[in-house]
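Step one of this worksheet: look at the structure below.
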C-alpha cells in the first residue's frame, strides 16, 4: 500500500517533469536562435549558441566566446558537410534547424545544470551572453589598437573624425615605409616624431572616437592620401617640415609626403 | 627675541628650499643624463653597426664558396636591420636622413633576397657582384663620415640633447657638428645612383601606382560634388565644401565634405580628378545599437557595390566591431580571386546605411588583365604543402608577393590544430610564395 502510493506519486511526478521538459524544450527551440543568418565575423548571443551546440557535437573545440572566427567557421563547415548540407559556412535557416535537431539533448543538459545551481545558473547564462572575445584587424592586436589610440588621442583629439583616422593612417604608413622603424612602438616612440609623445599627452586616456578612428585606419581607410608626415601650421617650429610636399589639409593638420 | 625667532625660522625655510632645490636639480640632471645616454648608445651603436656592415660585405665579396656566402649575406641583413633600428632611436626625425635609411633598407632587401636563395643552384650573377661592390664602397663612405662625427662628438663632449633642442626649436646653434655631420652622410649617400639595386629595390615605391589605370576626362568640382552626393546618398540641407589636392600629391583628387545642417554629421569623400572615381568616403556619425544582422549588412554592401558599378566582387572577409560591420571584397574573374583589387565597405548595423567605403587599392591596380593559365595542376601544388596542414578550402588567386609582384597562385586555406593558415603556391613553378597565419579574434583582455 505504502509502496504503491510512492510509486503512483513518483509516476505523477515523473510525467509532470517530462511535460515540463517538453514544454520547455519547445520554448528553447523557438528562442535558441534569432532568425538571422549567422556569418563569419558576427558577434553576439547567436554565435554563443552556435559555438555551444557545435561544441556539444564535438565539431568545435575552442572557447565559447561569442565571436565567429576561423575555428567556428571550420566547425560549422564540417557540420554542414557531415549532415549533407551545402557547405557555405553560413548558419542559415536549414543549417540552424539541422543543428537544433542534432543537439536536442543539449539544452536539457544545460537546464539541469541551471536547476542544480539555482539562481547562480541564470547568472552564469547572462555572463555567457557577453562576448568574451573581439574581432581585430588581421595582423594587429588589442594592445596595438590601444597604443595607436593613445597616440591619436594625444595628437589630434580636437580634430574631426577623419582627421583622427588620417593621423592613425600616417602611423600605419610609416610602418610600411623603409624610412621609419618597422614596429608600431618604434614608430610612435621615435624621438621627435610626435609632440604628444614628447609632452606626455600620449598617456591621456583615449576616448572611443580615437579608437574607432584607429580601427578604420587598420581596416584600410587612409584619408591622408598616403602621407608620412603631418604638422599643424600654427604651432610647427621646424622649417624643414614646410619643405615636405603637401598633399592636403584636414582640420588643422597639413598632411605631407 | 621675536626677530631672533623670525631669522631662525627664515633661515630654516631658506635652507630647506635650497636643499629641496638641490635635490630637484640633481634629479633633473640624472634624468637628462639618462636620456642623453640612451641617445649616445644608439649613436655609437649605429657607427659600430655600419662599420660591421662594411666589413661583412667585404668578407662576402672575398668569399669563394657558396656555402659560406649565404650565412654571410644573412649576417649583412641582420646588421642592416640593427643599424636601421638604431637610426629610429635617434632624434633625427626632423633632419633629412631619408637617403641613408633608404640605403640601409635597400641593403637589407638585397642581402635577404640573395641569402634565402639557393646559391648552389643560382649563384650570384655578375650584376649582383657589381651591386655588392658598390654597396661595399658606399657603406665604407658612410662608415668614414660617421666615424668623423663620432670622433668630434667624443673629442668635444657633444650632447645629443642639445641636438634635439636645436632641431625642435628650429634655431641654428653655434655648434652644429652633429647635424652637419649627418647632413654630410646624407649627401654622401645621395651622390650614388640608386638604380643598380634592380628588382629588389621596391619598397613603398611600388605602392604609388598613382591611379594610372584609371581612365576618363578631368571632371569639374561641381560634378565631383554631384558624384559624392550620389555615392554617399546625401540629400537635404547640407553645407558643402570642396578642396583640391595639394601640390605634393602623386595624383589629382577632390576632397568633398558635407555637413548636415540639422544633425551636424559630417561626411567626407575623396574623388579622382581624372574620371571622377571614388577613392574613399566616411560618414562620421555615431551608430546606435545593432538592429540588423551582419549577413543582412553584407547583402547591403554587395548591392551598394553592384549599383556603384563594381562588377564581380567577391566577399572574402567580414567582421563586426560593436555595431559596425566591415566587409572586404576582392575581384573574382573566372573563379580567380584577384587580391590586390580590394574594396572595403563599412555598414552601420543600426539601420544598414553604408557609412564607409574605400576603393583605393582597387582603383590603383584594377586593369584588364589576360587571365593566366596554370603550369602545374592543383594536385601538384597540393603536394608542395606541409602534410600536417588539413586543407579546408582551395581556389586560384592572384596576389602580391613580398617583392610586390603579382603572382598567379593556388590558394589553400587549412588548419593545423586550432590554427588557420592561408598558403599560396605559385601556379607556374610550384614555389611556396607565402604562408599567412590567420588570426582575427582575440580574447578580451
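Protein chains in written order, with our numbering: chain A, 1 to 257; chain B, 1 to 445.
Using N, Cα and C, we set each Cβ at its ideal position, and we do this for glycine too.
Note that this is a predicted model, so its numbers are computed, not measured.
Taking a Cβ-Cβ cut-off of 8 Å, the neighbours of residue 280(B) in chain A comprise 221, 222 and 223, given in sequence order.
Positions of the alpha helix (DSSP H) runs, each at least 4 residues long and wholly inside the segment 364-398 of chain B, are given as 378-383 in order along the chain. The C-beta of residue 340(B) comes no closer than 8 Å to any C-beta of chain A. Distance from the Cα of residue 285(B) is smallest, within the candidate group 313(B), 355(B), 246(B) and 326(B), for 355(B). Under the Cβ criterion of 8 Å, residue 387(B) is not counted among the residues facing chain A. By the neighbour-count criterion, in which a residue is buried when 16 or more other Cβ atoms sit within 10 angstroms of its Cβ, residue 426(B) is buried.
Taken in chain order, the members of the segment 391-417 of chain B whose beta-carbon sits within less than 8 Å of a beta-carbon on chain A are 392 and 415. Looking at the backbone, the Cα of residue 69(A) and that of residue 404(B) are separated by about 29 Å. Going by DSSP, residue 313(B) is part of no alpha helix (DSSP H) but of the beta strand (DSSP E) stretching over 313-321.
Judged by DSSP secondary structure, residue 331(B) falls within the beta strand (DSSP E) whose first and last residues are 324-333.
Legend: CB atoms of the segment 231-253 of chain A lying less than 9 Å from CB atoms of chain B belong to residues 236, 237, 238, 239, 240, 241, 243, 244, 245, 246, 247, 248, 249 and 250.
Residue pairing by DSSP places residue 47(B) opposite no residue, since no beta bridge is assigned to it.
Restricting attention to 327(B), 330(B) and 431(B), the CA atom closest to the CA of residue 380(B) is found in 431(B). For residue 99(A), the closest of 60(A), 229(A) and 255(A) by C-alpha to C-alpha distance is 60(A).
Exclusion of the five residues before and after residue 92(A) leaves 37 as the residues of its chain whose Cβ lies within less than 7 Å of its Cβ. Within the same chain, and ignoring the five residues on either side of residue 216(A) in sequence, the residues whose Cβ sits closer than 8 Å to its Cβ are 165 and 168.
Less than 8 Å separates the beta-carbon of residue 222(A) from that of residue 360(B).
Between the alpha carbons of residue 58(B) and residue 143(B) lies a gap of roughly 13 Å. Closest option to residue 88(B), judged by alpha-carbon separation, among 102(A), 140(A), 142(A) and 178(A): 178(A).
Note: residue 59(A) is not bridge-paired with any residue in the DSSP secondary-structure output. Residue-level contact check: residue 91(B) touches chain A, since one or more beta carbons of chain A fall below 8 Å from its beta carbon. Remark: C-beta atoms of residue 85(B) and residue 86(A) do not approach each other more closely than 8 Å. In the three-state DSSP reduction, residue 269(B) falls in the strand class (E or B). Look at residue 298(B) here: in three-state DSSP terms it is helix. The C-alpha of residue 245(B) is placed about 16 Å away from the C-alpha of residue 252(A). Residues of chain B with a Cβ closer than 9 Å to the Cβ of residue 77(A) are, in chain order, 392 and 393. Straight across, the Cα-Cα distance linking residue 206(A) with residue 368(B) is about 44 Å.
Residue 221(A) sits in coil when the DSSP states are folded into three classes, being neither helix nor strand. Residues of the segment 132-155 of chain A that bring their beta carbon within less than 8 Å of a beta carbon in chain B comprise 132, 133, 134, 135, 136, 137, 138, 141, 142 and 143, in sequence order. Short of 8 Å from the beta carbon of residue 343(B), and not among the five residues preceding or following it, lie these beta carbons of its own chain, in chain order: 305, 310, 313, 328, 329, 330, 357, 358, 359, 361 and 362.
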